[in-house]
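Colleague: Chains E and R, in that order, give the protein sequences.
Going by this note's numbering, the first residue of the first sequence is number -4, and it counts up by one from there.
Going by this note's numbering, the first residue of the second sequence is number 415, and it counts up by one from there.
Take this structure first; my questions come after.
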Amino acid sequence: MDRRVMLLLLAATALSVYTHSLVFSEWHAPTFGNTLIHVASAHHLVEHGYYPLENDYSYGGGIPNLYVPAYRFALAEAVFLTGADYEIISRLFVMAFALLVPLGFFVLGRAVFGEWEGVAAAFLASFVSDMLVYTVRPLPQGLGLALLPLAFYLLLRGTRRQALGASFAIVLVNQEVGVFFVGVAAAFFAFKAAEGYLSRRSPAIDERAETALYCVLAGVLTYVAWHFFVMGNFGVFGLIQFAQHEGNVVGFTLLLTATGGAVLALSAVGLASLAGGLRKKRGDAELFVLAMVAVGLFAIKNDAFGIGVFMDRFIVFLDIGLIVLAGFGLVALVRVCDGIQDRALNAVKRQN
Amino acid sequence: MRWLALLALCAVAYLAYLDMGHAMAQGKLWVRPIILKGEIDALSWVRENTPERTVFVTDIVAGEMIMGYTLREGVLGGDWAVIPNVLKRMSDVQYGIYNSSDADAACAMAKEYGAKYVWVPERDIFAGYEWNWHSDVFNDARRFRRVFGNDDVTIYEVM
């Protein structure tokens, strides 16, 4: 790794730690967004030695504990091993997110485009308002968002076993994160298959596309199995969130507020650069980024497709693809500016 | 890197600086604890005087605090994904108990939801519909017996 890249990555990580230190700014850890409901299950596990699967503490109790359990187990384990209280451990979890976010974006960005693009993405992640809002609170969504770039890296570059493991694990961290991961894997498979058929590649569906398909199956089966295990039925869409269409419509203003001007503008530059053929080497990377952005756009506008759930909550997931694209856009912008200046200087020299 | 690229980077840095200011401002809003310090202090009384799974009438935030730290239950608070008639429950707690002017009806409603106690914090409560202050219906000692109080919260037993 270029030493300058390493130094910049350290700086990006320090910036993330600074922004996430907000979690220590109040006398108590954040409670907005139902942070303490996860403490209840972890607390029960530590006190009684078993997970309260059949009797959640929610809304007067007596109902199955449907929320996927990985975050709660992690919290319980951390409390059990350290003896520290839930409030301190929760805040420290947020600091772990602070480290994972820039490192994850660097790893994914580097795999997709290159080192400089990766470190640019690591920096840009700190300027996205929604990314901070979700990862500055001790929530499964925060853990999921912090892990998603790494999970995507394994899907794109890992062995099949690693990719399947990532799919299984990420689905058990948070439902929205799982849906997005599976959605991107499905879109990536579809794009790869279409490219294969259109280019008459043999076989049309290569190993990476197959892995993506298996990840979709693994993710879906994992969640459906969990739902059946807890509820005794397959009614995964029978949740209140679907019945009540919980979510707000996303317009451009909301998208801009949540994402920020820098990432939006640079991702547009990145998209234009890709379309303009600026990148000489073409491969899975472009299809993967397009899959992330396409699924993100679908998710934030899912009301237009009759679903109408969590449209605004999915902005931060769209931002994952936009951040990676913006990292590419930033480096492309610098290279284009250098190119323009070189051509201008050469033109002046020729004239003279 | 040449001056044109440097200029472009400065423009990006300025945009990023504005974005980060906005992100930090939003972050500050979302890390507010909402609950009051006295509510945390009151949890000691809860642990010492009630068995696990005891049900309290609470708003969403207090319900989650109680369930998380004491393994008791709030009438509201938690994962609502599979709760039957959850909107009616929220409306009942918001308007039938906390904002009620009828102590008899509020007491009956609390019992309907299996609550033994009512958690009344000195802050706006949110039971799913709006943030507002509780009424003084709990002053009726025939229906609500004060069992604990500090500057931030009073706990009433449902009679």
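All residues carry an ideal CB built from backbone N, CA and C; glycine is no exception.
Note down, in chain order, each residue of its chain lying with its Cβ closer than 6 Å to the Cβ of E571 of chain R, except the 5 sequence neighbours on either side.
Modeller: Within the same chain, E571 of chain R has close Cβ partners Y531, R559 and V561.
Colleague: State yes or no: is the beta carbon of R426 of chain E nearer than 9 Å to at least one beta carbon in chain R?
Modeller: Lying outside -4 to 347, the shown extent of chain E, residue 426 of chain E is not represented and no answer is given.
Colleague: For chain E, check one thing: does any of its Cβ atoms lie closer than 9 Å to the Cβ of V561 of chain R?
Modeller: Not one chain E Cβ lies under 9 Å of V561 of chain R.
Colleague: Anything in chain C within Cβ reach of L328 of chain E, meaning under 7 Å, just list it in chain order.
Modeller: In summary, chain C is missing from the structure at hand, where the protein chains are E and R.
Colleague: Which residue's Cα is closest to the Cα of S121 of chain E: E:L212, E:H15, E:K187 and E:E72?
Modeller: Nearest of E:L212, E:H15, E:K187 and E:E72 to S121 of chain E, Cα basis: E:H15.
Colleague: So which of E:R105, E:Y192 and E:A79 has the shortest CA-CA distance to L149 of chain E?
Modeller: Here the closest residue by C-alpha is E:R105.
Colleague: Report the three-state DSSP secondary structure of V389 of chain E (helix, strand or coil).
Modeller: Residue 389 of chain E is absent from the model: chain E starts at -4 and stops at 347.
Colleague: Out of E:V177, E:S20, E:L340 and E:K187, which has the shortest C-alpha to C-alpha gap to R86 of chain E?
Modeller: Considering only alpha carbons, the answer is E:S20.
Colleague: Which residues bound the alpha helix (DSSP H) around T154 of chain E?
Modeller: No alpha helix (DSSP H) contains T154 of chain E, which DSSP labels as neither H nor E.
Colleague: For A342 of chain E, count the other beta carbons within 10 Å of its own beta carbon; 16 or more makes it buried, fewer makes it exposed. Which is it?
Modeller: Exposed, since its Cβ has fewer than 16 Cβ neighbours within 10 Å.
Colleague: Report all residues from its chain with a CB closer than 6 Å to the CB of V211 of chain E; omit the five preceding and five following residues, and keep chain order.
Modeller: Here the set comprises V177, A180 and A181.
Colleague: Within the same chain, show all residues whose beta-carbon is closer than 6 Å to that of Q136 of chain E, passing over the 5 residues directly before and after it, in chain order.
Modeller: The answer, listed in chain order, is Y129 and N169.
Colleague: Taking Cβ positions, are A321 of chain E and A161 of chain E nearer each other than 9 Å?
Modeller: No; because the gap between Cβ atoms is not below 9 Å, this pair is not in contact.
Colleague: How big is the Cα-Cα spacing for S36 of chain E and W111 of chain E?
Modeller: Taking the straight line from one Cα to the other gives about 42 Å.
Colleague: Along chain R, which residues have their Cβ under 8 Å away from the Cβ of W22 of chain E?
Modeller: Residues of chain R passing the Cβ test: P447 and K451.
Colleague: Taking 9 Å as the threshold (beta carbon to beta carbon), is M438 of chain R in contact with chain E?
Modeller: Yes, M438 of chain R lies at the interface with chain E (some Cβ there is under 9 Å from its Cβ).
Colleague: List the DSSP bridge partners of E571 of chain R.
Modeller: Paired residue(s): R:Y531 and R:R559.
Colleague: In whole angstroms, what separates the C-alpha of R196 of chain E from that of E190 of chain E?
Modeller: Each residue's Cα considered, the two are about 8 Å apart.
Colleague: Measuring CB to CB, does L193 of chain E end up less than 9 Å from V426 of chain R?
Modeller: Cβ atoms of L193 of chain E and V426 of chain R: not closer than 9 Å.
Colleague: Is it a yes or a no for the stretch 35 to 50 of chain E touching the stretch 62 to 71 of chain E, going by three-plus beta-carbon pairs under 8 Å?
Modeller: The answer is yes - the stretch 62 to 71 of chain E touches the stretch 35 to 50 of chain E, with three or more Cβ pairs under 8 Å.
Colleague: In the stretch 520 to 553 of chain R, which residues sit with their C-beta less than 9 Å from some C-beta in chain E, listed in chain order?
Modeller: The residues in question are Y527, G528 and A529.
Colleague: Count the other CB atoms within 10 Å of the CB of M306 of chain E; is the residue buried (16 or more) or exposed (fewer)?
Modeller: Flag for M306 of chain E reads buried.
Colleague: Leaving out the 5 sequence neighbours to the left and right, which residues in its chain are closer than 8 Å to W566 of chain R when beta-carbon positions are compared?
Modeller: Note that residue 566 of chain R is Asp in the sequence shown here, rather than Trp. Excluding sequence neighbours, D566 of chain R sits near L450, K451, G452, E453, D455, A456, P535, E536 and R537.
Colleague: Using beta carbons (cut-off 9 Å, strictly below), is Q136 of chain E in contact with chain R?
Modeller: Chain R, which has no Cβ nearer than 9 Å to the Cβ of Q136 of chain E, makes this no.
Colleague: Within the 9 Å Cβ cut-off, does E571 of chain R reach chain E?
Modeller: Taking Cβ atoms only, chain E never reaches closer than 9 Å to E571 of chain R, which makes this a no.
Colleague: On a Cα-Cα basis, can you pick out the residue from E:L340, E:G214 and E:K344 that is closest to W417 of chain R?
Modeller: When each option's Cα is compared against that of W417 of chain R, the closest is E:L340.
Colleague: May I ask you to report which of helix, strand or coil DSSP gives I58 of chain E?
Modeller: Looking at I58 of chain E - three-state DSSP - the assignment turns out to be coil, as it is neither helix nor strand.
Colleague: In the DSSP assignment, find the beta strand (DSSP E) that holds N470 of chain R and state where it starts and stops.
Modeller: The sequence shown places Phe at residue 470 of chain R, rather than the Asn named in the question. Element bounds for F470 of chain R: V469 to V471.
Colleague: Would you call the stretch 247 to 255 of chain E and the stretch 195 to 209 of chain E in contact, with 3 or more CB pairs under 8 Å?
Modeller: Cβ pair count under 8 Å is below three, so no.
Colleague: So if DSSP puts F348 of chain E in a beta bridge, which residue, or which two residues, is it bridged to?
Modeller: Nothing can be reported for residue 348 of chain E, as the shown portion of chain E is limited to -4 through 347.
Colleague: Quick one: what does DSSP say W444 of chain R is sitting in, helix, strand or coil?
Modeller: The answer is helix: DSSP assigns W444 of chain R an H, G or I state.
Colleague: Give every residue of the same chain whose Cβ lies closer than 8 Å to the Cβ of G214 of chain E, excluding the five residues on either side of it in the sequence, and list them in chain order.
Modeller: So the list reads S162, F163, I165, V166, G173, F176, V177 and A180, once near-sequence residues are dropped.
Colleague: Along the chain, which unbroken stretches of the alpha helix (DSSP H) at least 4 residues long are found entirely within the stretch 468 to 549 of chain R?
Modeller: Segments of the alpha helix (DSSP H) lying fully in the stretch 468 to 549 of chain R: 474 to 484, 500 to 505 and 517 to 526.
Colleague: Any idea if N60 of chain E is buried or exposed, counting beta-carbon neighbours within 10 angstroms, 16 or more meaning buried?
Modeller: Buried, by the Cβ-count rule.
Colleague: Whose C-alpha, out of E:V114, E:G303 and E:V258, is nearest the C-alpha of R(-2) of chain E?
Modeller: Among E:V114, E:G303 and E:V258, the Cα nearest to that of R(-2) of chain E belongs to E:V114.
Colleague: Hey, does F122 of chain E have any beta-carbon neighbour from chain R nearer than 9 Å?
Modeller: Closer than 9 Å: yes.
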